[in-house]
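As structure tokens, the structure follows; a few thoughts come after it.
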Amino acid sequence: MAEAVLTEERGRLFIQRIFAASRDRVWEAWTDPGLIARWWGPASFTAPVIRVDLREGGRYLFGMRSPDGQDFWSTGVYREIAPAERLVFTDSFADAEGNVVPASTYGMSGDWPRELLVTVTFEEHDGGTKMTLQHEGIPAGESLDMTEAGWNESLDRLASLLNERQQG
Numbered sequence: 000m001a002e003a004v005l006t007e008e009r010g011r012l013f014i015q016r017i018f019a020a021s022r023d024r025v026w027e028a029w030t031d032p033g034l035i036a037r038w039w040g041p042a043s044f045t046a047p048v049i050r051v052d053l054r055e056g057g058r059y060l061f062g063m064r065s066p067d068g069q070d071f072w073s074t075g076v077y078r079e080i081a082p083a084e085r086l087v088f089t090d091s092f093a094d095a096e097g098n099v100v101p102a103s104t105y106g107m108s109g110d111w112p113r114e115l116l117v118t119v120t121f122e123e124h125d126g127g128t129k130m131t132l133q134h135e136g137i138p139a140g141e142s143l144d145m146t147e148a149g150w151n152e153s154l155d156r157l158a159s160l161l162n163e164r165q166q167g
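Okay, structure coming up:
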């Protein structure tokens, strides 16, 4: 099950997914760098660099690569970590060293803030896990639509990874 609700007036994206995997497995896929690298980014992208300092106040640096070889970097700080329940972190465009850069560095239009907020919750649901993601601060319009498409492609990849691991 996938549900996406775009709340344009507030620049907030809300996505719910049901995964046929335990909360611990879904949590692990969100927090283990080796697993994140297997699902992070749109369908045809790779994630060659995933660094995670999983503690409140710790930073992450994710590098994803498009099929034509362009790298896109994001960074942020973990604000809240409740294992297998809740993950809250900031989200900013970055360079390869983890320095925050404006969205225009990557050709993004619109009035992007330098920092957005992502909240992911995990709940048991019929033997699986309901994951709810909120991404706040995205400029309305095309930017919000692109972000929603990117998240859903990533989450499709996450579902495939979880299914593969359930059978392995």
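In numbering that gives the first Met the number 0, the protein residues as written are 0 to 167.
Cβ coordinates follow ideal geometry from the N, Cα and C atoms, glycine included.
Rounded to whole angstroms, what's the CA-CA distance from residue i to residue j? Just pull it up for me.
i: P138; j: L132; result: 17 Å
i: W26; j: G127; result: 12 Å
i: V150; j: T74; result: Before going further, note that residue 150 is Trp rather than Val in the sequence given. One C-alpha to the other measures close to 16 Å.
i: G33; j: V48; result: 10 Å
i: E141; j: D110; result: 11 Å
i: M145; j: S159; result: 21 Å
i: R50; j: L60; result: 5 Å
What would DSSP say about residue i, mapped onto helix, strand or coil?
i: T6; result: For T6, the predicted structure reports a pLDDT of 47, less than 50, and the residue's modelled location is therefore unreliable. A value from the coordinates is still provided. Correct three-state label for T6: strand.
i: W72; result: strand
i: R24; result: helix
i: S91; result: strand
i: P32; result: helix
i: R54; result: coil
i: A81; result: strand
Report all residues from its chain with a CB closer than 7 Å to the CB of residue i; omit the five preceding and five following residues, and keep chain order.
i: D124; result: Reading the sequence as shown, one finds His at residue 124 and not Asp. Excluding residues within five positions, the ones whose Cβ falls inside 7 Å are I17.
i: Y105; result: F71, F92
i: R24; result: L161, R164
Could you tell me which residues DSSP pairs with residue i in its beta bridges?
i: L115; result: D90
i: G127; result: H124
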